[in-house]
Structures are given as C-alpha cells and as structure tokens.
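A short worksheet on the structure shown next.
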Amino acid sequence: MIRYEDVVVRYPRASRDALAGVGLDARRGMLTAVVGPNGSGKSTLVRALLGRVQLGKGRVLVNDHPITDRMVFARRVAVVTQREELAFPLSVEEYVALGRFPHLGGWRGAGSGDRAAVERAMERAGVEEFARDERQLQELSGGEWQRVRLARALAQEGEALVLDEPTTFLDVAHEMSVFELLHQLAGDGHAVLVVSHQLNLVARFADEIVLLSAGRVAAAGSPDDVMQAAVLERVYEWPLVVTRDPAVGAPALLPLRVRRRT
Amino acid sequence: MFAIVACRDTRKASFTTHDIVDDYGHAVKLAAPPQRIVSLNPATTELLFAIGAGPHVVGRTQYDFWPDSARLVPSVGAGMRPNLEAVLGRHPDLVVMYASSDDYAAAERLTAAGVATAAFRMNKISDFARIAMLLGRLVGDTTRARTVVDTVTATLDRVRRATESLPRPTVFLHAWEKPLMTLGAGSFVTELVTIAGGRNIYDSLPAPSPVVTLEDVLSKNPQIVLVSPLERQMILKSARWQTLPAVRAGRVVAYDTNLVERPSVKLGEGAVSLARILHPGVLP
Amino acid sequence: MWLRWFVFVLGLVAALLLATALGTIALSPGQVWNALFNRGDAAAITIVQVLRLPRAVLAALIGAGLGISGAALQGTMRNPLAEPYLLGVSGGAAVGAVFAVSLGISLTLVPLAAFAGAIAAVLLAFFVAHAAGTRGDARILLMAGVVVGAFANSVIMLVLGSAPSNVVRDAVWWMMGSVAAATWTDNGWLFGYLLVGGGALLLWARQIDVLALGDDTAAALGLDPERTARKVYAAASLVAAATVAAAGLVGFVGLVVPHIVRGTGIRRHLPLFAGSALVGAALVVLADLAARTIRPPAELPLGAVTAIVGVPFFLARLRRLV
C-alpha cells in the first residue's frame with residue numbers, strides 16, 4: 001500500500017545521500033519493520049513520506065498513486081514521528097481529537113462518529129482513563145505520551161499506520177502491548193510500517209524486515225531471512241550472535257561484549 | 263543661574279566680561295569685544311543685528327531669517343546640536359547659542375577649542391531684557407542694547423495700558439495637534455496674551471508647552487482659539503473640534519506664529535498683533 | 547465554563563460604559579445614558595458621541611485586533627513570546643510614519659505611510675528568511691523579523707537624528723500610540739481590516755490548533771505547514787499593521803492578552819481568538835481611559851499605559867507557569 005521506488009534523498013550541505021536508492025513495499029495485512037544502525041536513513045524514510053524532505057530521485061506511492069493531496073493522504077495513512085514537542089498545554093482528549101482533523105477539515109464540527117472514533121482509539125492505545133481523569137499532556141510521563149500519540153494516529157482511522165520508534169520510553173509491558181496492537185492491526189488488514197531499533201521485538205512480530213545500511217537496503221525479507229549474524233555484524237559493526245529463542249521460536253540477537261572471554 | 267553686575271557703559275575702555283555668567287552657569291571669557299560672532303539661534307541673531315553687532319555676525323543657523331540682512335550671513339546648519347566643524351570653520355571668537363540640555367556638550371567642546379561661548383534661554387519676557395543687556399555687554403556696546411530694550415518695553419507697556427480695563431476674553435493657544443499641545447505659564451507667549459488683554463486658559467500650568475486633552479479644553483470653554491495659519495482650516499472642519507462652542511461660532515483666529523513666537527526684538531509687535539486680534543480697533 | 551465568557555463580555559461592556567461616562571467633564575450616569583440615545587443636553591450628547599465614544603470604539607478595535615493577532619502568532623510560531631509586531635510590523639510602520647512626517651506630508655496621510663511601511667517590512671522579513679534558505683521555519687522567520695526591525699530602528703534614528711525638533715516630537719508621539727484623534731472613519735476602516743484579517747484567522751483556527759503541534763505532526767495530519775504558517779503570518783500582520791496605522795504603536799497587548807485568556811483554561815484557538823478579542827478590547831479601552839484621566843489635563847501615551855497595565859498580569863501568569 002505504501003511503496004518506495006528507488007528513493008534518493010540528500011540533505012542540504014550533506015556529503016552523502018541519506019537515502020541512496022531505497023525500494024520498499026509496505027503491504028496491507030502485513031507488519032513491515034525498517035531496522036538499521038543510527039544514521040542509516042530510517043527516519044528519513046518517514047520524512048520523505050510526509051513530504052518534509054525533497055526527493056532527489058524516485059517516488060513514494062500510496063495505493064499506487066503519488067501523494068498529491070496531503071489531506072487525502074492523512075485520511076488514508078496515519079504517521080507518528082519520532083519526536084514531538086508541545087509549546088502550549090493541551091488535554092489528552094483534545095489532542096487525540098485532533099487526529100480527526102483530516103476528516104473534519106477546517107470548519108466541520110466534530111460529530112458523534114468522530115467522538116466514537118476518538119474513544120475507540122484511546123481504548124485500543126490503552127489511554128482511556130486519561131480522558132476520564134482529564135489528564136493534561138504536559139503532565140504525562142514519556143511512556144504515557146508515546147501511547148497518547150499512538151491514540152491520535154489510531155483516531156485518524158486510516159488504512160495504514162507508520163510509526164517511527166514507537167516504543168521509546170516504554171516499559172516491557174507497554175512495549176509488548178504496542179507491538180501486539182500493531183500485529184492485530186496488521187491482521188485486521190492495515191498496512192503497518194514500523195521503524196524500530198528494537199531488533200528482537202521486530203523479529204518476533206514483523207512479517208517483513210527491511211535492513212537499512214548507509215541509505216541502502218542491505219537485506220529484506222522474513223525475520224528468519226534477515227536475522228543472520230554475518231549480515232547483521234557487517235551492518236551494525238559489532239560482534240553478535242543470533243540465536244533462536246526456544247520460548248518464542250523467533251530469532252534473537254545477542255550482542256557480545258568487546259573483550260571476549262572464550 | 264546668572265549674575266549681572268550693572269555697570270556704566272563705555273565702549274572698549276573698560277571691557278570686562280569675566281563676571282558674565284550664561285544660562286549654563288559658565289563664565290564667558292572674552293578679552294576684547296568680539297569681531298566674529300556665530301549665532302545659533304534666530305532670536306539672538308536678530309538681537310545682535312538690532313544692537314548694532316550685525317557687521318560682526320559671521321555665522322547663523324539655517325532658520326535665521328530676521329532681519330533680512332541676516333540672510334546674507336553664511337549658514338552653519340542647525341542650531342540645535344550644531345555642526346561644530348562648520349561653526350569653527352567661521353573662525354569665531356564668540357559663539358552665542360540656545361541653552362538646551364542637548365547642546366551642553368557642544369558648548370563645552372567649543373570652550374575647550376578656545377572659543378568664548380555664551381548660551382542663553384529665553385522663556386519669559388524678563389529674560390529678553392536680561393539677555394539683550396548681556397549681549398550688549400558682550401559686544402562692548404550697551405547703549406544700543408538699552409535702546410532696544412526700552413523700545414520693546416515701551417511698546418509692551420502701551421499695549422498693556424490700552425487693554426487693561428477691557429474685558430478679557432479667554433484664549434486657547436493651539437500649539438500642536440498630535441499630540442494636542444498648548445502653551446502654558448512657562449512660555450512668554452502666555453505673558454503676551456495677558457499684555458494683549460486676554461487670558462490663556464492654561465496660565466496655571468507651569469510648563470512651557472504641556473500636552474492636554476480636548477475634553478479638558480472643552481471643560482474650560484475658551485472664547486477664542488488662537489492657532490497657526492496652517493492648522494486653522496483643519497480645526498474648523500474637524501468633527502471633534504466642533505465640540506468647542508468657539509469653533510462652532512467660527513472664533514478661530516490665525517496669528518502670525520513667526521512674529522509672536524520669536525522671543526526677540528519683535529516682542530512688542532507680537533503683543534500688538536495679538537491685541538489687534540483680541541480687541542479689534544483698540545490699537546491703531 | 548460559561549462563566550468565563552460572561553465575565554469577558556461583561557468586562558468589555560463595563561469598560562466601554564466607563565470610557566463613555568468618565569472624563570474631565572463630569573457627567574452623571576443618567577446623562578451619559580441619555581446622550582447615547584440622542585436624548586437630553588446637547589453638550590452632553592456631543593461629548594459622549596463625538597469625543598468619547600469614537601475613542602472608546604477605536605481602542606476596543608485595536609485591542610481586539612492585537613489580541614487575535616498575538617494569539618495567532620503564538621500558536622503558529624509555537625512560541626509564547628510571539629507578538630503582533632514580531633515580523634517587522636512595528637519597525638516598518640515607524641519608518642513609514644517617520645518618513646511621512648519628516649517629508650512634511652499632510653497628517654492624514656501618515657497612517658497610510660505607516661501601513662505601507664509595515665507591509666513592506668513584513669515582505670522584507672519573508673524575503674530575508676527565504677534567502678536564508680528556509681522553508682518557513684518559524685525560528686528563521688523570527689530572526690528575519692528581528693533583523694528587519696533592527697534595520698528599521700537604525701533608519702529611524704538616522705532620519706530623526708538630523709530632523710528639526712517638531713518632526714522628532716511628531717514621530718516620537720506617534721510611536722507611543724494614541725487614540726486621541728479617533729474618528730468614525732478611522733473606526734470604519736479598522737473594522738473592515740479586522741473583519742478580513744481577523745475573520746480569516748478565525749476560519750483557520752483549527753488549522754492553527756494542528757500547526758501548534760509541530761511541523762511534522764501537522765504534515766502528518768494533512769497540512770502543508772509552511773504554506774499554512776505563511777497564511778497566518780500574512781493575516782496577523784495585516785491586522786497588526788492596520789492597528790498601527792490607526793493609532794501608532796500600542797505594545798504589550800498582543801503578547802499579554804493571549805496568556806491571560808489561556809490562564810482561564812481556554813486552549814483551542816477558536817475560543818482563544820474570541821476571548822483574546824474581548825479581553826484585548828477591554829484592556830485597551832481601560833488603558834485609554836487611564837491615559838486621559840490619571841494626570842489631568844495631560845494625556846499619557848497609550849503605549850506606555852498598556853505596558854504598565856499589562857506587566858502585572860504577565861508577571862502573575864509567569865508565576866503560575868513556574
């Protein structure tokens with residue numbers, strides 16, 4: 001549903017391309033994860049989708065069409081970026097309700113359908129009690145804020161969900177519940193594209209992994225295909241071992257300490 | 263602050279100025295009557311010509327147009343914050359300037375450059391007599407100065423006597439529109455109005471040019487509004503000025519601001535022109 | 547919740563009534579009331595309808611315009627210290643006015659020159675920001691506005707430095723702000739600009755809600771953040787320029803009023819604009835009343851009074867934030 005074709009992006013005054021010809025297809029019903037070391041271009045992929053950086057070459061397509069109307073795009077695809085800072089106080093409910101903006105436009109009032117969508121979104125993200133307690137955004141912890149942002153994206157009720165590092169600041173329980181949710185959404189038919197550095201979580205939940213290295217796709221495929229020690233070591237430039245986690249049955253990455261004791 | 267020691271006039275024989283203190287409180291140091299005078303003030307320029315020192319005036323400001331012969335004197339630019347190089351370029355031995363707070367530094371620099379400097383400020387009519395006599399002493403001829411002062415005083419007295427017993431119309435002096443400013447007790451124009459047989463409604467405000475509100479003017483209900491010729495039409499046509507009964511009745515009179523507001527030898531004529539406005543026919 | 551709005555509206559009405567009732571000439575409330583409806587003493591009617599009411603209305607329009615403009619800029623720039631004069635409006639307007647005054651142009655054309663100067667300065671700020679290679683980044687625009695403002699100040703100093711004292715007096719008084727010469731024509735023009743500029747801002751209020759979340763999130767929700775921000779800057783600056791043309795520089799209102807309104811718990815921009823318009827109007831009406839009654843018969847500059855009145859409110863707000 002979201003397809004990148006040979007996308008090249010270079011930031012102004014940069015010495016090399018941030019993305020040097022990346023191709024990727026995030027299909028419906030699948031959880032696609034983009035992983036890679038710092039600076040490999042993961043966030044740039046998201047920015048390119050939002051139109052926040054100029055494409056040097058290539059295209060980004062949604063449902064096989066280039067993105068021409070941002071509002072229509074926002075109704076189909078919900079994006080949560082890596083960082084968001086607020087300048088002014090806002091309540092959780094007001095914030096999540098802004099997720100309905102692409103459907104409301106400038107002046108249509110929020111109807112019962114919109115309010116229901118907001119409630120559903122907050123439930124799925126596990127933040128419904130914030131509305132009850134009239135929590136304010138500036139009072140939230142990092143993890144609570146992350147989940148509220150996810151709620152906003154869910155309120156958009158798009159066909160696709162794109163998230164850049166959604167598990168930052170989350171404890172293990174919340175990490176797992178977010179990924180369970182993403183897995184569920186993919187199962188329901190959404191296209192879910194996640195940028196994450198949490199390789200082990202990704203290996204357990206993703207249907208497809210795209211490994212980026214220095215702006216290029218170093219490997220792509222199922223977790224079993226991509227989670228190979230040789231490839232990962234080369235890309236991450238760190239000694240590591242890939243095991244198969246017996247409890248779960250998914251590949252797991254074990255980084256090694258530099259001074260080896262054999 | 264100044265001190266003046268009355269002394270009998272002699273031309274050059276006993277020329278002494280060390281006891282003359284100007285309005286900055288500085289003593290004026292002249293060894294002999296000045297031959298090259300730069301005047302940075304229309305009033306003093308006119309005075310210098312009137313007391314016979316015209317031939318010695320070698321520099322004036324760009325706004326000094328009186329008397330007519332002053333226009334032949336080279337201009338050195340502005341009077342306030344003067345261009346010292348232009349002033350010194352005239353090689354003066356005396357510079358007469360206006361004693362404003364802005365120009366204190368200029369006076370010090372001129373003195374440091376070895377040029378005698380005398381700064382005066384004329385707020386009231388009494389200042390005129392004082393300054394005219396001081397200038398007379400500075401140029402070494404107090405006879406002509408005395409004559410000038412006496413003539414002006416005589417005219418003022420004549421006007422005062424002619425209007426003394428007449429009913430006094432209340433007067434509003436419109437000095438500026440934005441902000442609305444008038445002339446108060448601190449200005450000699452208020453004195454001229456009194457001499458001319460009127461009463462400035464703001465003669466209780468000590469400042470020379472206070473800012474006031476139209477509503478306050480309205481509360482004092484002046485009988486006549488005196489205004490500069492440029493603003494008369496504006497006031498007559500303005501909706502908010504029409505709230506004044508005097509304006510509605512058309513009693514808005516333009517007075518010759520150039521004449522009246524020059525604190526110099528024309529004071530007497532200024533009073534006459536005001537008296538002709540306030541009491542037509544009394545003075546021929 | 548509705549109490550807030552009741553207080554806002556009541557506050558403005560009370561301010562307007564006070565402004566028409568009080569002044570150098572004492573009028574009883576009954577006289578004032580009658581005068582408003584063309585009844586009673588002719589002098590009272592004139593005082594109320596020609597002298598006091600136009601002033602009060604102009605003050606209210608100015609306060610409303612500055613309040614909305616400030617709130618819009620704060621939200622769009624995501625900066626609680628943004629204010630209507632930020633993008634060069636005050637500097638440009640002052641340059642226009644000073645030039646007009648020093649060239650001896652008729653006093654009636656000075657507002658036009660001020661307006662033209664303000665618009666030119668804002669365009670210059672946009673140009674400078676664009677030349678610096680930004681896509682409408684708020685911080686770059688802010689800096690461009692500061693640069694343009696500094697440049698304008700130096701031009702003003704150059705012109706005033708060699709100008710005769712009456713020009714300096716005119717210019718300085720203009721820069722201190724005043725509604726003393728208010729006419730119904732002035733009010734009509736300002737109302738027109740408010741309707742257009744303020745109306746546009748009200749229309750875009752929800753977009754500004756989204757913009758306030760940040761450029762990336764705004765893009766994610768379907769806006770073109772740079773284009774939307776530019777629209778807001780243009781409308782807000784238009785309103786600010788119109789107020790400056792009408793009454794000179796009235797500072798602090800656009801900065802303080804949105805904070806006061808936020809302090810009552812209003813967060814979304816549509817109610818924030820409405821509240822800022824009401825509170826701003828009341829504030830400036832009261833400030834003008836103070837300016838002309840505190841030290842009779844003198845009239846204090848409006849800009850000075852709004853700053854003095856605004857500071858305690860702002861400090862109180864700062865304490866709450868800390």
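Chains as they are written, first to last, in our numbering: chain A, 1 to 262; chain B, 263 to 546; chain C, 547 to 868. By construction, the Cβ of each residue, glycine as well, lies at the ideal position given by its N, Cα and C atoms. Since the model is a prediction, treat every value here as computed from it, not as a measurement.
| Query | Result |
| --- | --- |
| Residue burial classification, K528 of chain B (beta-carbon count within 10 angstroms, cutoff 16) | buried |
| Beta-carbon proximity of V785 of chain C to S648 of chain C, cut-off 8 Å | no |
| Through-space distance from G287 of chain B to V267 of chain B, alpha-carbon basis | Its pLDDT being 45, under 50, V267 of chain B is placed unreliably by the model, and nothing is read from it. |
| contact_flag[the segment 628–644 of chain C, the segment 665–678 of chain C] where n(CB pairs < 8 Å) is 3 or more | yes |
| Own chain partners of A381 of chain B with C-beta closer than 6 Å, once the 5 adjacent residues on each side are dropped | D284, D285, Y286, M359, A361, A369 |
| Per DSSP, the bridge partner or partners of T243 of chain A | A:A252 |
| Partner residues on chain C for E85 of chain A, Cβ-Cβ distance less than 7 Å | G760 |
| Closer than 8 Å to chain C by CB, D465 of chain B | no |
| Interface residues of the segment 763–793 of chain C facing chain A [CB-CB below 7 Å] | T763, A765, A766, L767, G768, L769, D770 |
| Check whether V8 of chain A and G39 of chain A have beta carbons under 8 Å apart | no |
| Cβ shell of G569 of chain C (< 8 Å), same chain only, five flanking positions each side left out | I593, L597, R598, R838, T839 |
| Any C-beta of chain B under 8 Å from that of A593 of chain C | In the sequence as displayed, the identity of residue 593 of chain C is Ile instead of Ala. So yes, I593 of chain C belongs to the interface. |
| Burial state of I854 of chain C (16 or more Cβ within 10 Å) | exposed |
| Backbone secondary structure at I571 of chain C - three-state DSSP | coil |
| D755 of chain C burial status per 10 Å Cβ neighbour count (16 or more: buried) | buried |
| Range of the contiguous beta strand (DSSP E) that encloses G23 of chain A | 19–26 |
| Presumed contact (8 Å Cβ cut-off) between A151 of chain A and A121 of chain A, rounded CB distance | 5 Å |
| Nearest to E477 of chain B (by Cα), restricted to the options C:D770, C:A589, C:F645 | C:A589 |
| Against chain B: residues of the segment 555–583 of chain C by CB proximity under 7 Å | G569, T570, I571 |
| Buried versus exposed, by CB contacts within 10 Å (16 or more), K42 of chain A | buried |
| Assigned secondary structure, Y236 of chain A (DSSP; H/G/I helix, E/B strand, else coil) | helix |
| Assigned secondary structure, T167 of chain A (DSSP; H/G/I helix, E/B strand, else coil) | coil |
| Burial state of E93 of chain A, where buried means 16 or more other Cβ atoms lie within 10 Å | buried |
| Length of the line joining the Cα atoms of D74 of chain A and T81 of chain A | According to the sequence as given, residue 74 of chain A is Ala; it is not Asp. Spanning the two alpha carbons is a distance of roughly 13 Å. |
| E5 of chain A - containing beta strand (DSSP E), residue span | 2–9 |
| Residue environment, V241 of chain A, which counts as buried when at least 16 other CB atoms sit within 10 Å | exposed |
| Minimum C-alpha distance to D207 of chain A - residue among A:A191, A:A218, A:S213 | A:A191 |
| Simplified DSSP state of A646 of chain C, which is helix, strand or coil | helix |
| 6 Å Cβ shell around A610 of chain C - same chain, five flanking residues per side excluded | A823, G826, A827 |
| Heavy atom of the ligand ATP within 7 Å of G569 of chain C beta-carbon | Ligands displayed in this structure: none; no statement on the ligand ATP is therefore possible. |
| Unbroken alpha helix (DSSP H) run spanning R513 of chain B, endpoints | Here R513 of chain B belongs to no alpha helix (DSSP H), and DSSP marks it neither H nor E. |
| Local Cβ density within 10 Å of C269 of chain B, reported as buried at 16 or more and exposed below that | Note on C269 of chain B: pLDDT 45, under 50, position unreliable in the model; the coordinate value appears next. Label assigned to C269 of chain B: exposed. |
| Inter-residue CB distance, T444 of chain B and L435 of chain B (contact presumed, cutoff 8 Å) | 5 Å |
| C-beta neighbour in chain C for V79 of chain A, strict 8 Å | yes |
| Burial state of G446 of chain B, where buried means 16 or more other Cβ atoms lie within 10 Å | buried |
| Reference L498 of chain B; option with closest CA among B:Q485, B:P484, B:R513 | B:R513 |
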